[in-house]
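Just so we're aligned, residue 8 is where the sequence shown starts under our numbering, counting upward by one. All C-beta atoms in this analysis are idealised placements derived from N, C-alpha and C, irrespective of residue type, glycine included.
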Amino acid sequence: MDWNARLPMKLTHGFDGAIGFELLEVSDELVRARAEVRDEIKQPAGLVHGGVYSSIAESIASLGTYFVVSREGKSAQGMSNQTSFLRPILDGYVHAVAHRRHRGRTTWVWEVEFTDDEGRLCALTRMTIAVR
């Protein structure tokens, strides 16, 4: 599948669709996405729920890995997700950029940076993807 020919692409299926994020760029080394901040993804205090960051990180790291390994008949699933929250996002967009840091035979490791509309770093995730 030529992912980039279909980008930007709003994901509408399953949990990704519930979060409502948009895939902007996919390669074997970098994935970019964003999600519009809506009431449905906020916690009661009015800021984006931490699970949204973790979920986006897992989705885009899995997609970036799958982008390559599917050509070999393999699949990619999240194995480990560690997210640190640095500052809240209250409105606008959550911007996510995943950088591949390790490409192994059975695991890939990605680092995902989340920023707000002003480009301020809001969260960091280290994501390990299992290749099967």
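The alpha helix (DSSP H) enclosing residue i, as first and last residue numbers
i, result
"Ser69", "57–76"
"Ile136", "Here Ile136 belongs to no alpha helix (DSSP H); instead the beta strand (DSSP E) covers 128–138."
Beta bridge counterpart(s) of residue i as assigned by DSSP
i, result
"Phe28", "Ala42"
"Ala103", "Ala40, Phe121"
"Lys49", "Val55"
"Phe92", "Ala130"
"Asn109", "Correcting the residue type first, residue 109 is His in the shown sequence and not Asn. Its beta-bridge partners are Val116."
"Gly85", "Ile136"
Residue range of the beta strand (DSSP E) that includes residue i
i, result
"Glu120", "114–122"
Nearest neighbour of residue i, chosen from the options [CA to CA]
i, options, result
"Trp115", "Val76, Leu54, Lys17", "Val76"
"Arg108", "Met86, Met134, Ser61", "Met134"
"Arg139", "His20, Arg78, His56", "Arg78"
"Ser69", "Asn88, Gln84, Gln50", "Gln84"
Nearest-angstrom beta carbon gap, residue j and residue i [assumed within contact, 8 Å]
i, j, result
"Ala105", "Leu31", "Contact flag wrong, Cβ pair sits at about 11 Å."
"Arg41", "Glu29", "6 Å"
"Thr132", "Thr90", "4 Å"
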